[in-house]
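Trainee: Each residue of the sequence shown is one higher than the one before, counting from 3 in the numbering used here.
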Amino acid sequence: MYFLINVLKNRVQIIKRHCKDLSIRRNKSCLSLWETDINTEIKLKVEKHWQPEVSMSYKNKASLESLYILPMFPYPSGNLHMGHVRVYSISDAIARFHKLNGYNTVHPIGWDAFGLPAENAAIEHNIPPFEWTKTNISSMKRQLLQLGFNFDWNRELSTCDPEYYKWTQYIFLKLFENGLAYQSKAQVNWDPIDKTVLADEQVDELGCSWRSGAKVEKKYLSQWFLRTTKYAKKLYDGLNSRNLENWKDIINLQKHWIGKCNGILVEFKININNDIKPFDVWTADPYKLVHGDFVLISSTHVLAQEVVSNMENAIVCYNPVSEAKIPVYVSDAIQYPEGKQVYVGCAKFNEGDENLARMLNIPIKRVNDGINVENENHKAIAKATDEKCGGFFVSSTLKDWLISRQRYWGTPIPIIHCPNCGSIPVPYEQLPVELPKLDTSEGGIQTLASVETWVNCKCPKCQLNAKRETDTMDTFVDSSWYYYRFLDPHNENMPFNKDNLIGLAPVDIYIGGKEHAVLHLYYARFMSYFLNSLGWTPTEEPFKKLLVQGMIMGQSYKLKSSGKYIPPENVEKVGKEYKEKETAETLVVQWEKMSKSKYNGENPERLLSTYGCDATRLLILADVPPATARRWSDATLPGVLNWQHRLWMTIRSFLKCREYTSDNSLLTPDQFNEMESKIWESRNFMTATATYHFRHTQKLSVAISRLQSLTNTLRNKIPPEVIAKSKEFELALASLIIMLSPVTPHFCCELWAGFASAPNRVCENSNFIDWNKNVLEQCWPTVDDHYKLSFLCKVDGADVCDLKIKASDLVNLNYEHALQLMLDQEVVQRRLTAGILKTNYELYPGCRAILNIFTNRTQKPVEKEAAQSI
Numbered sequence: 003m004y005f006l007i008n009v010l011k012n013r014v015q016i017i018k019r020h021c022k023d024l025s026i027r028r029n030k031s032c033l034s035l036w037e038t039d040i041n042t043e044i045k046l047k048v049e050k051h052w053q054p055e056v057s058m059s060y061k062n063k064a065s066l067e068s069l070y071i072l073p074m075f076p077y078p079s080g081n082l083h084m085g086h087v088r089v090y091s092i093s094d095a096i097a098r099f100h101k102l103n104g105y106n107t108v109h110p111i112g113w114d115a116f117g118l119p120a121e122n123a124a125i126e127h128n129i130p131p132f133e134w135t136k137t138n139i140s141s142m143k144r145q146l147l148q149l150g151f152n153f154d155w156n157r158e159l160s161t162c163d164p165e166y167y168k169w170t171q172y173i174f175l176k177l178f179e180n181g182l183a184y185q186s187k188a189q190v191n192w193d194p195i196d197k198t199v200l201a202d203e204q205v206d207e208l209g210c211s212w213r214s215g216a217k218v219e220k221k222y223l224s225q226w227f228l229r230t231t232k233y234a235k236k237l238y239d240g241l242n243s244r245n246l247e248n249w250k251d252i253i254n255l256q257k258h259w260i261g262k263c264n265g266i267l268v269e270f271k272i273n274i275n276n277d278i279k280p281f282d283v284w285t286a287d288p289y290k291l292v293h294g295d296f297v298l299i300s301s302t303h304v305l306a307q308e309v310v311s312n313m314e315n316a317i318v319c320y321n322p323v324s325e326a327k328i329p330v331y332v333s334d335a336i337q338y339p340e341g342k343q344v345y346v347g348c349a350k351f352n353e354g355d356e357n358l359a360r361m362l363n364i365p366i367k368r369v370n371d372g373i374n375v376e377n378e379n380h381k382a383i384a385k386a387t388d389e390k391c392g393g394f395f396v397s398s399t400l401k402d403w404l405i406s407r408q409r410y411w412g413t414p415i416p417i418i419h420c421p422n423c424g425s426i427p428v429p430y431e432q433l434p435v436e437l438p439k440l441d442t443s444e445g446g447i448q449t450l451a452s453v454e455t456w457v458n459c460k461c462p463k464c465q466l467n468a469k470r471e472t473d474t475m476d477t478f479v480d481s482s483w484y485y486y487r488f489l490d491p492h493n494e495n496m497p498f499n500k501d502n503l504i505g506l507a508p509v510d511i512y513i514g515g516k517e518h519a520v521l522h523l524y525y526a527r528f529m530s531y532f533l534n535s536l537g538w539t540p541t542e543e544p545f546k547k548l549l550v551q552g553m554i555m556g557q558s559y560k561l562k563s564s565g566k567y568i569p570p571e572n573v574e575k576v577g578k579e580y581k582e583k584e585t586a587e588t589l590v591v592q593w594e595k596m597s598k599s600k601y602n603g604e605n606p607e608r609l610l611s612t613y614g615c616d617a618t619r620l621l622i623l624a625d626v627p628p629a630t631a632r633r634w635s636d637a638t639l640p641g642v643l644n645w646q647h648r649l650w651m652t653i654r655s656f657l658k659c660r661e662y663t664s665d666n667s668l669l670t671p672d673q674f675n676e677m678e679s680k681i682w683e684s685r686n687f688m689t690a691t692a693t694y695h696f697r698h699t700q701k702l703s704v705a706i707s708r709l710q711s712l713t714n715t716l717r718n719k720i721p722p723e724v725i726a727k728s729k730e731f732e733l734a735l736a737s738l739i740i741m742l743s744p745v746t747p748h749f750c751c752e753l754w755a756g757f758a759s760a761p762n763r764v765c766e767n768s769n770f771i772d773w774n775k776n777v778l779e780q781c782w783p784t785v786d787d788h789y790k791l792s793f794l795c796k797v798d799g800a801d802v803c804d805l806k807i808k809a810s811d812l813v814n815l816n817y818e819h820a821l822q823l824m825l826d827q828e829v830v831q832r833r834l835t836a837g838i839l840k841t842n843y844e845l846y847p848g849c850r851a852i853l854n855i856f857t858n859r860t861q862k863p864v865e866k867e868a869a870q871s872i
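1. Between the alpha carbons of L657 and S703, how many angstroms are there, rounded?
2. With burial defined as no fewer than 16 other Cβ atoms inside 10 Å of the residue's Cβ, what is the status of R763: buried or exposed?
3. Taking the alpha helix (DSSP H) that M529 belongs to, which residues open and close that run?
4. Measuring straight from C-alpha to C-alpha, what distance separates D154 and C461?
5. Can you tell me which of L753, D473, N180 puts its alpha carbon nearest to the alpha carbon of K390?
6. CB of V573 to nearest heavy atom of the ligand NAD: below 6 Å?
7. Which value, in whole angstroms, describes the spacing of the CA atoms of I299 and M596?
8. Are the CB atoms of Q185 and K220 nearer to each other than 7 Å?
9. Which one or two residues does DSSP pair with V87 in a beta bridge?
10. Under the three-state reduction of DSSP, which class applies to H419: helix, strand or coil?
11. V205 bridges to which residues according to DSSP?
12. By alpha-carbon positions, which one of G117, V591, Q551, I568 ends up nearest to K583?
13. Below 8 Å on the Cβ atoms is my contact criterion, and I expect Y289 with N379 to pass it. Report the Cβ-Cβ distance as a whole number of Å.
14. Spatial neighbours of V292 within its chain, please: CB distance less than 7 Å, with the 5 preceding and 5 following residues excluded, ordered by chain position.
15. My assumption, with CB atoms under 8 Å, is that N152 sits in contact with H109. Please give the rounded CB distance.
16. Going by DSSP in three states, M553 sits in which element: helix, strand or coil?
17. Am I right that D2 and L812 are in contact with their C-beta atoms under 8 Å? What's the rounded C-beta distance?
18. In this structure, how does DSSP classify Y512 when only helix, strand and coil are distinguished?
19. If you reduce the DSSP assignment to three classes, tell me which class N467 lands in.
20. Among I336, N374, G372, Q343, whose alpha-carbon lies nearest the alpha-carbon of A359?
21. Could you please give the first and the last residue of the uninterrupted beta strand (DSSP E) stretch that includes I878?
22. Pull up the DSSP beta-bridge partners for N62, would you.
23. On the three-state DSSP scale, how would you describe W593?
24. Relative to the alpha-carbon of T302, which residue among M142, V318, D334, I328 has its alpha-carbon at the smallest distance?
25. Just checking my contact of D473 with I366 at CB under 8 Å: how many whole Å lie between their CB atoms?
26. With a threshold of 8 Å on Cβ separation, who are the neighbours of C765 within its own chain once the five nearest residues in sequence on each side are excluded?
27. Would you kindly report the start and end of the unbroken beta strand (DSSP E) that includes F394?
28. Do V457 and A234 have their C-beta atoms within less than 7 Å of each other?
29. Would the stretch 479-495 and the stretch 156-176 be scored as touching if the rule is three or more Cβ pairs under 8 Å?
30. Please report how far the alpha carbon of K30 lies from the alpha carbon of S759, in whole angstroms.
31. If distances are taken between C-alpha atoms only, which option among K727, I328, G412 comes closest to N122?
32. Apply the 10 Å Cβ neighbour rule to V724 and answer buried if 16 or more other Cβ atoms are within range, or exposed otherwise.
33. Can you name the start and end residues of the beta strand (DSSP E) that G603 belongs to?
34. Going by DSSP, what residues sit across from T198 in a beta bridge?
35. Hey, would you say Q852 sits closer than 7 Å to S91, going by beta carbons?
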């Protein structure tokens, strides 16, 4: 009886486990297509079936640490291009990786929706810009969802929404209050096609517009500027912060743009026809601001048009540092500081200025007594700062940010011009100053100035008739602070609340094209520093780690004789040369940035319909690291498609082997253990290296190649008996599917569903597998504690010694112990033929450790330091 009861109990347990397996099979995978070889039809079915799971936004948990992963938001042109596919595939994979590692990830998206392209396209199609933009946003959002990108859609914003640009205007008024937004007459770059002013940064080296390609004209107009120069020194010095990760050559680009801040700027004033006009004076010798006795301006300076000056009858200006009036002369006889058209001279104490004054017949009074230049420099800077007329360090080449645009589709500048009160800010409670509706029936370019009912208003100060400012802001202003609004997108009282930034700002990883690494990044850094000065943000710098992606390049063909581009369908290869089919003329073949005009673009829609979104994502991320330019070619497709096929067959084999088990063994215990050991070694190595590249280098292509290698291990002559009974095979296959899921989420959901439905599992108590959850909710695999990881020593950049240390020990290996451990190695000692200059220790728990030793042999002596990166 006792025996019979035990038998029945065992039968019941078997039945329960079998029912549980069937339940999982029914709940997790309803496609049951494993017996069919994978094809595009199956992939599209899989993607449709799992799309709700892949797009699901999981609620953040208060107990988890958060990470802010931000790709640059797109301009809504109407359709995604391959650059969009690349940047958002990168950000989505990184965000999903960190979710699997137990982080709450903030991964938002929005639309950089103002600007000339949208306005010109709307005019061409004879519809309002808002309608054009709204339609494009709808189309592109559909494509982003189709690609399975897991954005925080509840944070979505659009810069053309009054609820967004209200706060851009609010921030502008704060800049205005703090003397950082001002209007000044200046020589500007005029685009004759787009009928608007361009910043210097938007004119190429040939003097043509960045957008229309037209030759830029020079005009004198009254424009709005943001005084970015006031923050130049802080922005320059901030680039040396150790908190900036992976900025690499972007630091040099930013420093080059800002320039060495080796002089100071002070605002002088000049009275022209009873109109007080300010103008900036830059000097590398601040003492001249205390003792200066004349000012020279170039004939191309904006004031030169109004200053009637000669050596006998000079007009005077007011110097706020010396509180004296000094003469101003127009002259081109000197070489002005680079980028400047004003020079302050001090003939009293500077021999070169004395000679200059004599040459120009400027009356001077030489003083024989010398001065303490250093003390006088400090005095000048302190006085200028106290008087709030300048005194900040800046390069001579850096100019303030010209933000005025004479077009309709942009954020209105919230200023009212009153004949009685001057330029008056719009009261905060009257924001937003909304764009008026335009009559698009007449076509052509319309500006705010043409809408009289909108322009005419009352002065908020004296209630007299006044007029609104009719310039709109450069779209870079909208994008200079959006990363903070994403963290508090529904705030109705402020642009954002600092409390909602704590723990999330600065952005942990900022992802975008290198073409934005100078202008947008500079403007965003300036805005962040300003907002921090108001006490609104926890840090000055807005972005911690940069991930700059390379361009997608397409192969183009053009006639050798004329340079005319030819569509690929009109090209044929003859021997080693490419020729135009009709004329047989020789073509020049090259890789260039994708463009419709060059017939070398790729339509993502074709890839999505032909191969599916997961294959497209995998293809865009494989082979080439994100920072490298990608040469697009269908020739790389077979490798990706074959890998998906092999993964599909692996699950098929796993299901079959687990379904039919037998006690008969064809392998000896030693042979079985040897196979398991091989799989164990591969799983741990591939997990360590894939994790390293996902988390630290963001070289996703290298991580993907490791997953391909793990696939090879699982398919390389593994006997069915091992597939049927091996715990290591099961762990390795689970690890593979989980680690691939950030790249191909739909495909891996189906792989996991099949994998989890298999009977006779042997990993019921794994530390990273939860059989009741889908693959997107699993934990990222980790290496086993006793697996030995790499501890690499480099001397002057060369690999010298690679020790193997257990993962459980490596995580606790501090700098002092690491250094001593390597110094005890004979191979390291032999390489240290010169004194140690500095060391740098990098510990990547669960991945690897690196000790860099630099000697006097390769670098100039500096103070010895030890930098730890944990």
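All C-beta atoms, glycine included, are put in the ideal place defined by N, C-alpha and C.
Please read these numbers as outputs of a predicted model, since none were measured by experiment.
Mentor: Here's the rundown:
1. Position 655 of the sequence shown, counted from the start, is the residue given in the question as residue 657. Position 701 of the sequence shown, counted from the start, is the residue given in the question as residue 703. Between L657 and S703, the C-alpha separation is close to 29 Å.
2. Residue mapping note: residue 763 aligns to position 761 of the sequence shown, counting from 1. It is buried - the Cβ of R763 has at least 16 other Cβ atoms within 10 Å.
3. Position 527 of the sequence shown, counting from 1, holds the residue named residue 529. Note, M529: alpha helix (DSSP H), 521-535.
4. Taking the first residue of the sequence shown as position 1, residue 154 is located at position 152. Taking the first residue of the sequence shown as position 1, residue 461 is located at position 459. If you take the alpha carbons of D154 and C461, they lie about 42 Å apart.
5. The residue given as residue 390 occupies position 388 in the sequence shown. Minimum Cα distance to K390 is reached at N180.
6. Questions concerning the ligand NAD fall outside what the structure shown contains, since it holds no ligand whatsoever.
7. Within the sequence shown, the letter at position 297 stands for residue 299. Within the sequence shown, the letter at position 594 stands for residue 596. Roughly 46 Å separates the two Cα atoms.
8. Position 183 of the sequence shown, counted from the first residue, corresponds to residue 185. Position 218 of the sequence shown, counted from the first residue, corresponds to residue 220. Not in contact: Q185 and K220 (Cβ atoms no closer than 7 Å).
9. Along the sequence shown, read from residue 1 onward, the residue named residue 87 stands at position 85. Answer is none; V87 lacks a bridge partner.
10. In the sequence shown, counting from the first residue as 1, residue 419 sits at position 417. In this structure, H419 counts as strand in the three-state DSSP scheme.
11. Taking the sequence shown and counting its residues from 1, one reaches residue 205 at position 203. In DSSP, V205 forms a bridge with S211.
12. Against the sequence shown, residue 583 aligns to sequence position 581. Comparing Cα positions, the closest option is I568.
13. Start at 1 with the first residue of the sequence shown, and residue 289 comes out as number 287. Start at 1 with the first residue of the sequence shown, and residue 379 comes out as number 377. That belief holds up - the Cβ atoms of Y289 and N379 are roughly 5 Å apart, short of 8 Å.
14. Indexing the sequence shown from 1 puts residue 292 at position 290. Within the same chain, V292 has close Cβ partners V323, S324, E378, K381, A382.
15. Walking along the sequence shown from the start, residue 152 turns up at place 150. Walking along the sequence shown from the start, residue 109 turns up at place 107. Indeed, because the Cβ distance is near 7 Å, the residues count as touching under 8 Å.
16. Taking the first residue of the sequence shown as 1, we reach residue 553 at position 551. Correct three-state label for M553: coil.
17. Since the first residue shown for the chain is 3 and the last is 872, residue 2 is missing from the structure and cannot be characterised.
18. The sequence position of residue 512 within the sequence shown is 510, counting from 1. Looking at Y512 - three-state DSSP - the assignment turns out to be strand.
19. Walking along the sequence shown from the start, residue 467 turns up at place 465. Here N467 sits in strand by DSSP.
20. In the sequence shown, residue 359 corresponds to position 357, counting from 1. Answer by Cα proximity: I336.
21. As shown, the chain starts at 3 and ends at 872. That puts residue 878 outside it, with no answer to give.
22. Position 60 of the sequence shown, counting from 1, holds the residue named residue 62. Paired residue(s): none; N62 is not in a bridge.
23. As a first step, residue 593 is located in the sequence shown; it is residue number 591 there, counting from the start. Looking at W593 - three-state DSSP - the assignment turns out to be strand.
24. Numbered from 1 along the sequence shown, position 300 holds the residue referred to as residue 302. For the residues M142, V318, D334, I328, the minimum Cα distance to T302 belongs to D334.
25. In the sequence shown, counting from the first residue as 1, residue 473 sits at position 471. In the sequence shown, counting from the first residue as 1, residue 366 sits at position 364. About 43 Å separates the two Cβ atoms, so there is no contact after all.
26. As a working mapping, residue 765 is identified with position 763 in the sequence shown. Around C765: K729, E732, L733, A736, I771.
27. Here the question's residue 394 lines up with position 392 in the sequence shown. From DSSP, the beta strand (DSSP E) with F394 extends over 392-396.
28. By one-based count along the sequence shown, residue 457 stands at place 455. By one-based count along the sequence shown, residue 234 stands at place 232. Contact flag unset, no.
29. yes
30. As a working mapping, residue 30 is identified with position 28 in the sequence shown. As a working mapping, residue 759 is identified with position 757 in the sequence shown. Reliability fails at K30, whose pLDDT of 47 lies under 50, so the model's placement of it is uncertain and the value that follows must be treated cautiously. Computed Cα separation, rounded: 8 Å.
31. The count along the sequence shown starts at 1 and reaches residue 122 at position 120. Of the listed residues, the one whose Cα sits closest to N122 is G412.
32. By 1-based counting over the sequence shown, the position of residue 724 is 722. V724 should be labelled buried.
33. Within the sequence shown, numbered from 1, the residue matching residue 603 stands at position 601. G603 -> no beta strand (DSSP E), and no H or E assigned at all.
34. Residue mapping note: residue 198 aligns to position 196 of the sequence shown, counting from 1. BP columns for T198 point to D193.
35. Here residue 852 refers to the residue found at position 850 of the sequence shown. Here residue 91 refers to the residue found at position 89 of the sequence shown. Checking the sequence shown, residue 852 turns out to be Ile, not Gln. No, these two residues do not count as a Cβ contact at 7 Å.
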